[in-house]
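This report concerns only the one structure given below.
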Amino acid sequence: MSAKGNLINGEWVFTDKTFNDINPSDTNDIIGTYSTAGEAEVKAAIAAAKDAFQTWQYSTPQQRFDVLDNAGTEILARKAELGALLSREEGKTLPEGVGEVTRAGHILKYFAGEALRAHGQVLDSVRPGVKVEITREPVGVIGLICPWNFPIAIPAWKIAPAIAFGNTVVFKPAELTPGCAWELSDILNRAGLPKGVLNMVFARGSVAGPLMIDGCDAISFTGSVPTGTRVRDQAVAKGKRVQCEMGGKNPVVVLDDADLDNAVNSVLNSSFFSSGHRCTASSRIIVTEGIADRFVEALGKATAAIKVGDSRADGVQMGPIASQEQLDIARDAVAKAKAEGGVVVAGGEDLTFGTPGYYYAPTLIDKTTADMAINKEEVFGPVASVIRVKDLDEAIAVANDTEMGLSAGICTKSLKSAETFKRKIQSGMVMVNLPTAGVDYHVPFGGRKASSFGPREQGAYAVEFYTIVKTAYQLPL
Ligand code: UN1
Numbered sequence: 001m002s003a004k005g006n007l008i009n010g011e012w013v014f015t016d017k018t019f020n021d022i023n024p025s026d027t028n029d030i031i032g033t034y035s036t037a038g039e040a041e042v043k044a045a046i047a048a049a050k051d052a053f054q055t056w057q058y059s060t061p062q063q064r065f066d067v068l069d070n071a072g073t074e075i076l077a078r079k080a081e082l083g084a085l086l087s088r089e090e091g092k093t094l095p096e097g098v099g100e101v102t103r104a105g106h107i108l109k110y111f112a113g114e115a116l117r118a119h120g121q122v123l124d125s126v127r128p129g130v131k132v133e134i135t136r137e138p139v140g141v142i143g144l145i146c147p148w149n150f151p152i153a154i155p156a157w158k159i160a161p162a163i164a165f166g167n168t169v170v171f172k173p174a175e176l177t178p179g180c181a182w183e184l185s186d187i188l189n190r191a192g193l194p195k196g197v198l199n200m201v202f203a204r205g206s207v208a209g210p211l212m213i214d215g216c217d218a219i220s221f222t223g224s225v226p227t228g229t230r231v232r233d234q235a236v237a238k239g240k241r242v243q244c245e246m247g248g249k250n251p252v253v254v255l256d257d258a259d260l261d262n263a264v265n266s267v268l269n270s271s272f273f274s275s276g277h278r279c280t281a282s283s284r285i286i287v288t289e290g291i292a293d294r295f296v297e298a299l300g301k302a303t304a305a306i307k308v309g310d311s312r313a314d315g316v317q318m319g320p321i322a323s324q325e326q327l328d329i330a331r332d333a334v335a336k337a338k339a340e341g342g343v344v345v346a347g348g349e350d351l352t353f354g355t356p357g358y359y360y361a362p363t364l365i366d367k368t369t370a371d372m373a374i375n376k377e378e379v380f381g382p383v384a385s386v387i388r389v390k391d392l393d394e395a396i397a398v399a400n401d402t403e404m405g406l407s408a409g410i411c412t413k414s415l416k417s418a419e420t421f422k423r424k425i426q427s428g429m430v431m432v433n434l435p436t437a438g439v440d441y442h443v444p445f446g447g448r449k450a451s452s453f454g455p456r457e458q459g460a461y462a463v464e465f466y467t468i469v470k471t472a473y474q475l476p477l
């Protein structure tokens, strides 16, 4: 199998080092081989992006629209094939893979439209005869550091606004999911982008981060809290614009008056589907006393009934864990929770399906308290814990008792309780009778506290990060 290259200045660039893309459902299945980028390639990518910016910043909205629209069309036309690749390399199920690819196609088309929308204002000055024009200009070279859990949607929602608003890009994909990154880059490269506008480097470990922070004008990062915090601090110290989307420890509050089936389904979806590999996954299930026994019993049964297996097999609802490292984190978190007094209601064990894969049962742990490690540390796997509380006030206090603040949910039929929760919860996103995971692309995405730093991503709000405001005063003579 010949290796696939890095995209630098419109060319596929190869080095003498390679790495493999491995299927987490069957680690004997090598999906592809990719050329590892070193310092020289990262520097060349940054230089190419700088050069390309000199002209791309003045490209017309029509040029930007055409590229994103063409790429979106190709992605949607190939969603079955790309969805299967995504499912094979990341481990989410085939329908989830196809769903994510579809989302990526829609994101590209949405930002094609954003490229055409006017982003400015004209005001009268407080001084007579003077006009004030407020315009938005591209920032420059944007460095994108992307995670493996949404290997096409997240790069799409960073690359698309970067390009739509006239920036150039150095994209560093996650090591676990090079396949989707390569396909997305190839599609965009063939969609009419001038060379150097999009560069993609398969750099591993910490080779790319410091070089990108040094050489790019802005960094957008999605990944873990420790890495994101480091990226943030280094970027801020160099005076760079930076946006970080990091972890979650997202709560779902289930009140006595909740619709039981809806609450069970919401938690099932956001805690266990996609193997819990979502920063928006719900991991702390906060339940009031009147419904707790019934709810835990129903959720436990539903959790145990989730069909786990090879991500691409028919009818499978949850694939494997994405990597050995994530599997170890899930196992350790469950062991620690048990040692601290948690009671495993469903799961808590490895599973096997005849292939060497990272299979772990979706796991529900009851009788946990807010101070246990399981309720403090992000697991990023199919593990959820139940905290029993007496009323809404205590539920909100427990829900807010975390360093994170990305997404939060409440299940209730009471409008008043939902309103109180929406007002008092310290999170960037709130879901009422809906899973905490699963967000739209045309509305802002982001969190509070340790979960996020910088302006929101997605929707019309993306313009804040990807442009700089210029205020021009003009006295016509
Ligand atoms: C979703 O829940 O639909 O890494 C998206 C993540 C988030 C994206 C979640 N940045 O899980």
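Counting from 1, one number per residue, gives the positions in the sequence shown under the UniProt record's numbering. Note that CB positions come from ideal geometry on N, CA and C, so glycine has one too. All of these numbers come straight from a predicted model, not from anything done at the bench.
Inter-segment contact for the region 217 to 231 and the region 83 to 103 is absent: fewer than three beta-carbon pairs are separated by less than 8 Å. Cβ contact annotation for Ile365 (same chain, cutoff 6 Å, sequence separation greater than five): Ala337, Gly342, Val344 and Ser385, in chain order.
Around the beta-carbon of Asn199, 16 or more other beta-carbon atoms lie within 10 Å, marking it buried. Look at Phe445: its beta carbon is less than 8 Å from one of the heavy atoms in the ligand UN1. Trp56 is positioned such that its CB atom lies closer than 9 Å to that of Pro138. The beta carbon of Arg294 sits closer than 8 Å to the beta carbons of Leu260 from its chain, once the five residues preceding and following it are set aside; these are given in chain order. At the C-beta level, Ala174 and Pro194 stay beyond 9 Å of one another. Boundaries of the alpha helix (DSSP H) harbouring Tyr110: Leu94 to Leu116, taken from the DSSP string. If only uninterrupted beta strand (DSSP E) runs of at least 3 residues are considered, those enclosed by the region 351 to 413 are 363 to 368, 383 to 389 and 407 to 411.
Between the alpha carbons of Ile163 and Ile75 lies a gap of roughly 17 Å.
For Glu11, the uninterrupted beta strand (DSSP E) segment begins and ends at Glu11 to Val13. Ala437 has its alpha-carbon roughly 13 Å from the corresponding atom of Ser427.
Secondary structure note for Gln243: it is in no alpha helix (DSSP H), and the uninterrupted beta strand (DSSP E) holding it is Arg241 to Glu245. A check of alpha carbon separations from Leu85 across Gly32, Gln324 and Thr73 identifies Gly32 as the nearest. For Gly32, the pairing in a beta bridge is given by DSSP as Asp21. Relative to the ligand UN1, the nearest heavy atom lies less than 8 Å away from the CB of Ile154. Between the region 258 to 277 and the region 453 to 464 there are fewer than three inter-stretch CB-CB distances shorter than 8 Å, so the stretches are not counted as touching. Residue burial annotation: Glu183 is buried, with at least 16 other C-beta atoms found within 10 angstroms of its C-beta. Three or more beta-carbon pairs separated by less than 8 Å link the region 243 to 262 to the region 277 to 285, which places the two stretches in contact.
Its chain contains Ala112, Ala115 and Leu116 as the residues whose beta carbon lies nearer than 7 Å to that of Phe65, once the 5 sequence neighbours on both sides are disregarded; these appear in chain order.
For Thr135 against Ala462, the beta-carbon gap comes to about 17 Å, at or over 8 Å, which does not count as contact. Among the bridge pairs identified by DSSP, Val443 is matched with none. Counting the other CB atoms within 10 Å of its CB gives Thr288 a total of 16 or more, which places it among the buried residues.
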